[in-house]
Amino acid sequence: MTSADALGPLGSGAPVLAFDVGGTDTKSALIGADGRVLGLRRTPTPLDPADPAGAVVASIGALARRHLDESPGLAPVAVGVSVPGLVDEVAGVGIFASNLGWRDAPIRDLAEAATGLPVAFGHDVRAAGDAEHRLGAARGYGDVVVLAIGTGIASSLILDGHPYSGGGYAGEFGHSLADPLGEPCACGAIGCLETIASAGAIARRYRRASGNPVTGAKDVLDAAGAGDPIARRVWNDAVESLARALARVVANLAPEAIVIGGGLAQSGASLFDPLAERLDALLSFHRRPALVHAELGDDAGLLGTALAARDLAAVRAAEVIP
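Going letter by letter, the sequence shown gives residues 734 to 1055 in my numbering.
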């Protein structure tokens, strides 16, 4: 368990519970009316092939009871739940999650039954993007793309100040085509961007080309800095592919800013400087977006999930006011 004071207050509002479900871990917390994040914890996400959605929601119910037992004076009025994969926020359905194993799972209904509270259900990266827009690096921008580059690549779109989901299908930036003659992707397509430019792909491609064991993309970047030509080529290929994909996004959406988070963003100037240079070279009359480092780090998804729960609580409160 971690002290939540370091996260900073979310501001005053309804007390809520928030659950950011990942393929490996679930982050959860109770948000007080004063905006403090209480009892922040990370627990293993249960995997049950026989009933994947049921196992996850049962874990959410048990975690909710633990949070309430630890803060007996707080009575949350809503719950936020965010999950990976394809998500239909309107219907409250997890359409597909390869890591968790469900299809067309009524997560919102199940979570409401498990907690006895109204549930705001959404996508983990869209929740993180909303948090960056309202609390972090994307504040002040109306049109923003928020990228999370780690094992894979996902994105959140903020258009005219509002999250855009495209029925749950928008934001699959990592599965945009980068090389039609490239590697097979886990999604079933060929040459997706994340087969070249994700942190996982950078490490995998270097190991395959060099035969040298590395633990992650940082090792490849270090090797490139030390003069390893294979590492340099793998890193440059990733930056070039990212720049080309972003140039297409800029031409179509004209974002004011592109916020980049996830593990690869920790490379700092080694990523941002060449990426900005290549992107600028690929653009002509287009609006140049600011390239911005994400501010909220690993907690962005949880904070965005808490904000969604508070939004739902506000709507419910307005509905009962005569």
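We put the CB at the ideal spot given by N, CA and C, even for glycine.
Notebook entry, point to check: Taking the alpha-carbon positions, what's the Gly818 to Arg841 distance?
Noted result: Looking up residue 818 in the sequence shown gives position 85. Looking up residue 841 in the sequence shown gives position 108. Whole-angstrom Cα-Cα distance: 15 Å.
Check: Going by beta carbon distance, what residues of the same chain come within less than 6 Å of Pro1007, once the five residues before and after it are set aside?
Finding: Counted from its first residue, the sequence shown places residue 1007 at position 274. Excluding sequence neighbours, Pro1007 sits near Val972.
Checklist line | Candidates Ile886, Asn832, Arg965, Phe1018: closest to Ala998 by CA position | finding: Here residue 998 refers to the residue found at position 265 of the sequence shown. Of the listed residues, the one whose Cα sits closest to Ala998 is Ile886.
Margin query: Could you give the first and the last residue of the continuous beta strand (DSSP E) run that contains Ala998?
Written below: Stepping through the sequence shown from its first residue, residue 998 is reached at position 265. Careful: Ala998 lies outside any beta strand (DSSP E) and carries neither H nor E.
Notebook entry, point to check: Which of helix, strand or coil does DSSP assign to Gly827?
Noted result: Working through the sequence shown from its first residue, we reach residue 827 at position 94. Strand.
Next item on the list: Check Ala788 in the structure and name its three-state DSSP category.
Entry: Working through the sequence shown from its first residue, we reach residue 788 at position 55. Annotated three-state conformation of Ala788 is helix, per DSSP.
Notebook entry, point to check: Considering only the beta carbon of each residue, do Leu1012 and Leu979 sit closer than 9 Å?
Noted result: Stepping through the sequence shown from its first residue, residue 1012 is reached at position 279. Stepping through the sequence shown from its first residue, residue 979 is reached at position 246. Leu979 sits close to Leu1012, with the two beta carbons spaced by under 9 Å.
Next item on the list: Could you pull the start and end residues of the beta strand (DSSP E) that Asp870 belongs to?
Entry: Against the sequence shown, residue 870 aligns to sequence position 137. Per the sequence presented here, residue 870 reads as Ala, with Asp not at that position. For Ala870, there is no enclosing beta strand (DSSP E), as DSSP marks it with neither H nor E.
Next item on the list: Grab me the residues of Ser792's own chain with a C-beta within less than 8 Å of its C-beta, minus the 5 sequence neighbours each way, in chain order.
Entry: The residue labelled residue 792 in the question sits at position 59 within the sequence shown. Closer than 8 Å at Cβ, skipping near neighbours: Thr759, Thr776, Thr778, Pro779.
Check: Opposite Trp835 in the DSSP bridges: which residues?
Finding: The sequence position of residue 835 within the sequence shown is 102, counting from 1. According to DSSP, which records beta bridges pairwise, Trp835 is partnered with Ala830.
Checklist line | Where Phe1018 falls, given that 16 or more other Cβ within 10 Å makes a residue buried | finding: Your numbering for residue 1018 matches position 285 in the sequence shown. Sixteen is the threshold: since fewer than 16 other Cβ atoms of the shown chains lie within 10 Å of the Cβ of Phe1018, the residue is exposed.
Note to self: So, for Ile923: in the same chain, excluding its five sequence neighbours on each side, which residues have a beta-carbon less than 7 Å away from its beta-carbon?
What the structure shows: By one-based count along the sequence shown, residue 923 stands at place 190. If the five residues before and after Ile923 are omitted, its C-beta is found closer than 7 Å to the C-beta atoms of Pro913, Gly915, Pro917, all from its own chain and listed in chain order.
Checklist line | The alpha helix (DSSP H) enclosing Val983, as first and last residue numbers | finding: Within the sequence shown, the letter at position 250 stands for residue 983. 962-986 is the extent of the alpha helix (DSSP H) around Val983.
Next item on the list: Kindly say whether Arg775, judged by its beta-carbon, lies nearer than 9 Å to any beta-carbon of chain D.
Entry: Absence of chain D from the displayed structure is noted, only one protein chain being present.
Checklist line | Collapsed DSSP secondary structure at His908 in the structure displayed | finding: As a working mapping, residue 908 is identified with position 175 in the sequence shown. Reduced to three states, the DSSP call for His908 is helix.
Notebook entry, point to check: Which two residues bound the contiguous beta strand (DSSP E) that contains Tyr897?
Noted result: Locating residue 897 in the sequence shown gives position 164, where the first residue counts as 1. Tyr897: member of the beta strand (DSSP E) spanning 895-897, first to last residue.
Notebook entry, point to check: Secondary structure at Ser761, three-state DSSP: helix, strand or coil?
Noted result: Here residue 761 refers to the residue found at position 28 when the sequence shown is read from its first residue. Of the three classes helix, strand and coil, the one that applies to Ser761 here is strand, per DSSP.
Notebook entry, point to check: When DSSP labels each residue in this structure, what does Leu780 get in the three-state scheme?
Noted result: Sequence index remark: in the sequence shown, residue 780 carries index 47 (1-based). Coil.
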